[in-house]
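Colleague: Sharing a structure below in structure tokens format, with a few things to ask.
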Amino acid sequence: MRSAVIYRVLSRTLQRHMSTAAACSGMRMSHPVLITRQMSSSRPLKNELIDALTNEITAEKQLEKENLRGAQAPKISGFEITTDGANVKLAKLHGKEKINVYFNVNHSVDMESEEDEDEGVPLALPSLTIEIIKAQQRLCFYLDLCENEDATEANERFDFRVAEFYIAPASKGTEDEDVPESVYSSSGKYIDPTLHDLLFNHYLAERGFDQKFCREVVDFATHYEHSQYVKLLTDIQSFVSE
């Protein structure tokens, strides 16, 4: 939904305050009177902002209930999910390999695109980093999620493009530590078609990275991004109310 209620209220209220300030600009007055006027005029802005936030939070929670199947986020098959603010980590084991997936829901929703016909909300399509860790190395893929226009089934609606791939030393500290700048990486656009099919399609699909996985990530990210937006509004409301 992300209505423009807050912006309209702020704009209307600020214009009113600017007009008041302009009318008083030529008058001389003592500091106590000026302070009193500033304090009294700030109350309507605060109250209007709190009311607008309350209305927006209520509307977004109703949208969550009606279109996102409630407050419980969807699962992603086979993965353990951990979150830290906007950061999301997926983890699982595949034989002797440890597989981690990282993404961030900030700016993952294109508010200018049309809403999803099934969900009734803008979809989140975050970029993903996949790390397949074995021994002291990690094979990494940086993916862009995209919609599959030729899809006929729900689980075929989303797919991925490999934007970049590389091998890096396994992290020695935190699991998601930055890859050294000395590591060579290659674009996923310029690779032999046969190798593209074997590495990007079959190799990743064997580890669970297919169109069904993409659909589940989009479902989770859309729900989680929305919950973070509601939390942001709630935190702003608490901040303003103090």
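The numbering of the sequence shown is full-length UniProt numbering, which starts it at 1 and goes up by one. Glycine included, C-beta positions come from ideal geometry on N, C-alpha and C.
How would you call Arg157, buried or exposed, if buried means at least 16 neighbouring beta carbons within 10 angstroms?
Modeller: By the 10 Å Cβ count, Arg157 comes out buried.
Colleague: With DSSP as the reference, identify every bridge partner of Glu97, one or two as the case may be.
Modeller: Paired residues: His94.
Colleague: Going by Cα to Cα distance, which pick from Leu45, Lys65, Ala86, Thr129 is closest to Asp144?
Modeller: For the set Leu45, Lys65, Ala86, Thr129, the Cα lying nearest the Cα of Asp144 is the one of Thr129.
Colleague: By DSSP, does Pro169 sit in helix, in strand, or in coil?
Modeller: In the three-state reduction of the DSSP assignment, Pro169 falls in the strand class, which pools E and B.
Colleague: Out of Arg138, Thr152, Asn67, which has the shortest C-alpha to C-alpha gap to Val183?
Modeller: Arg138
Colleague: In the DSSP assignment, the beta strand (DSSP E) including Thr234 goes from what residue to what residue?
Modeller: Unbroken run through Thr234 is the alpha helix (DSSP H), 211-241; no beta strand (DSSP E).
Colleague: Give the straight-line distance between the Cα atoms of Arg207 and Glu56, rounded to the nearest whole angstrom.
Modeller: 41 angstroms
Colleague: Cα separation between His226 and Pro126?
Modeller: If you draw a straight line from the Cα of His226 to the Cα of Pro126, it is about 13 angstroms long.
Colleague: Would you kindly check if the distance between the Cβ of Leu68 and the Cβ of His223 is under 8 angstroms?
Modeller: yes
Colleague: For Asn148 and Asp159, what's the separation of their Cα atoms in angstroms?
Modeller: 6 angstroms
Colleague: Determine whether the beta carbon atoms of Glu64 and Ala71 lie at a separation below 8 angstroms.
Modeller: yes
Colleague: What is the rounded straight-line gap between the Cα of Phe141 and the Cα of Phe103?
Modeller: 12 angstroms
Colleague: If I'm right that Val88 touches Val109 with Cβ under 8 angstroms, what's the distance once you round it to whole angstroms?
Modeller: Between the beta-carbon of Val88 and that of Val109 there is about 14 angstroms, and that puts the pair past the 8 angstroms contact cut.
Colleague: Pick helix, strand or coil for Phe73, following the three-state DSSP scheme.
Modeller: The amino acid occupying residue 73 in the given sequence is Ala; Phe does not appear at that position. DSSP places Ala73 in coil when its eight states are reduced to three.
Colleague: Enumerate in chain order the residues of its own chain whose CB-to-CB distance from Asn155 is below 8 angstroms, with the five nearest sequence positions on each side excluded.
Modeller: Same-chain partners within the cutoff: Gln211, Lys212, Arg215.
Colleague: If contacts are defined as beta-carbon pairs under 8 angstroms, then Val217 and Ile76 qualify, I think. What distance do you get, rounded to the angstrom?
Modeller: 6 angstroms
Colleague: Would Lys134 and Lys96 be called neighbours here (beta carbons separated by less than 8 angstroms)?
Modeller: yes
Colleague: Let me check one thing: in DSSP terms, what residues is Lys89 bridge-paired to?
Modeller: Thr82, Tyr102
Colleague: From what residue to what residue does the beta strand (DSSP E) around Thr129 run?
Modeller: Annotation for Thr129: the continuous beta strand (DSSP E) segment containing it runs 128-134.
Colleague: For Tyr142, which beta-bridge partners are listed by DSSP?
Modeller: Thr129, Glu164
Colleague: How about Ile236 and Leu45: are their beta carbons less than 8 angstroms apart?
Modeller: no
Colleague: Grab me the residues of Ser185's own chain with a C-beta within less than 6 angstroms of its C-beta, minus the 5 sequence neighbours each way, in chain order.
Modeller: Glu164, Tyr166
Colleague: For Asp197, count the other beta carbons within 10 Å of its own beta carbon; 16 or more makes it buried, fewer makes it exposed. Which is it?
Modeller: Classification for Asp197: exposed.
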